[in-house]
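Asker: For what it's worth, this note's numbering labels the leading residue of the sequence shown as 46, then goes sequentially.
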Amino acid sequence: MTPDAAFFALHRDLPREGPGQAEDVHWALYTAAVPQDARICDLACGPGADTRTLAKARPRARITAIDLQPHFVAAAQALVAPYGERVQVHQGDMADVTGPYDLIWCAGGLYFLGVTEGLRRWRGALAPGGHVAFSEPCLPPRPSQSAVDFWADYPAISGIEGIRARVEAADYQILGERMVIGGAWSDYYGPLSRRIALLRPGAPAGLSRVLDEAETEIARWQAAPDDIAYALLVVAPK
Ligand SMILES: C[S@@+](CC[C@H](N)C(=O)[O-])C[C@H]1O[C@@H](n2cnc3c(N)ncnc32)[C@H](O)[C@@H]1O
Numbered sequence: 046m047t048p049d050a051a052f053f054a055l056h057r058d059l060p061r062e063g064p065g066q067a068e069d070v071h072w073a074l075y076t077a078a079v080p081q082d083a084r085i086c087d088l089a090c091g092p093g094a095d096t097r098t099l100a101k102a103r104p105r106a107r108i109t110a111i112d113l114q115p116h117f118v119a120a121a122q123a124l125v126a127p128y129g130e131r132v133q134v135h136q137g138d139m140a141d142v143t144g145p146y147d148l149i150w151c152a153g154g155l156y157f158l159g160v161t162e163g164l165r166r167w168r169g170a171l172a173p174g175g176h177v178a179f180s181e182p183c184l185p186p187r188p189s190q191s192a193v194d195f196w197a198d199y200p201a202i203s204g205i206e207g208i209r210a211r212v213e214a215a216d217y218q219i220l221g222e223r224m225v226i227g228g229a230w231s232d233y234y235g236p237l238s239r240r241i242a243l244l245r246p247g248a249p250a251g252l253s254r255v256l257d258e259a260e261t262e263i264a265r266w267q268a269a270p271d272d273i274a275y276a277l278l279v280v281a282p283k
């Protein structure tokens, strides 16, 4: 089994692919004052949990969701099917988004492009007065060793000041920020733990390695749940 195949054997049939809760989406809609009939794009939508929250929260909005992985696209399409034509999910690269959108929502995906680079690219996809809401790994002011270990594979990790600087470098202003912490992570890691337990019996070597890595990640989070956060920011071009 290839490393990619093993990774996606684990990352399948999960309600979401990163930490987050519906209240994060509601906070961003409120902070950005997103109109009822907005054009919204959920970039790196994964299996579509936030796409559905956006569809419920803005029943007159037109929503486009995009992800690179076909099996996430299929899962998200099934999830939002009850909302009809006004919610569309496509396979694609978030670097190529065109718009125009009143809100670009991106939970746990912008780091694939880099905060500054991604915000620069998305500027042209925003309608006048449009906003971007994105979540990004964030260290607390005095991180524990567990938190440092947790983010060891993400060299761009910084505290909130570092994220603000990357937003500023893209020539955007910040309208609001809050931490995604605690329950938002258990909502992700609870189902992931259950999937590890399901796949563990008889798992081939390649898959076992991926399951071990995911267990280590969860154990590090359990050792310091108050230290491990995404920052969620609502930003707009200056
Ligand atoms: C950490 S997951 C977050 C998924 C979802 N937003 C959520 O919170 O459940 C990151 C997602 O980014 C997607 N992704 C990675 N690179 C991408 C790209 N260039 N364009 C679109 N999606 C991408 C992955 O397929 C994955 O679904």
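Even glycine gets a Cβ: it sits at the ideal position worked out from N, Cα and C.
Note that the coordinates shown come from a computational prediction; the quantities given were computed from them, not determined experimentally.
Mapping DSSP to helix, strand and coil, what is H176?
Answerer: strand
Asker: Among residues of its own chain, excluding the 5 on either side of A106, which ones have a beta-carbon nearer than 6 Å to its beta-carbon?
Answerer: A83 and I85
Asker: Please report the Cβ distance between A178 and P145, rounded to the nearest whole angstrom; I am assuming they are in contact, meaning their Cβ atoms lie under 8 Å.
Answerer: Between the beta-carbon of A178 and that of P145 there is about 16 Å, and that puts the pair past the 8 Å contact cut.
Asker: How big is the Cα-Cα spacing for I273 and A50?
Answerer: 28 Å
Asker: Helix, strand or coil for P182, going by three-state DSSP, please let me know.
Answerer: strand
Asker: Which runs of the alpha helix (DSSP H), 4 residues or longer, sit entirely within the stretch 240-269?
Answerer: Within the stretch 240-269, the complete alpha helix (DSSP H) runs of at least 4 residues are 250-268.
Asker: Return the residue from the list I226, G163 and C151 that minimises the CA-CA distance to P17.
Answerer: A question about residue 17 goes unanswered here, because the residues of the chain that appear run from 46 up to 283.
Asker: Return yes when the Cβ of V79 is within less than 7 Å of the Cβ of A110, no when it is not.
Answerer: No, these two residues do not count as a Cβ contact at 7 Å.
Asker: Where do the ends of the beta strand (DSSP E) carrying Q133 lie?
Answerer: V132 to Q136
Asker: Looking only at its chain, what residues have a beta carbon closer than 7 Å to the beta carbon of R165, apart from the 5 residues adjacent to it on each side?
Answerer: Cβ within range, chain order: A215.
Asker: Under the assumption that T96 contacts I108 (Cβ atoms under 8 Å), give the Cβ distance between them as a whole number of angstroms.
Answerer: 6 Å
Asker: With a threshold of 16 other CB atoms inside 10 Å of the CB of P182, please say whether the residue is buried or exposed.
Answerer: Flag for P182 reads buried.
Asker: Would you kindly check if the distance between the Cβ of V255 and the Cβ of F53 is under 7 Å?
Answerer: no
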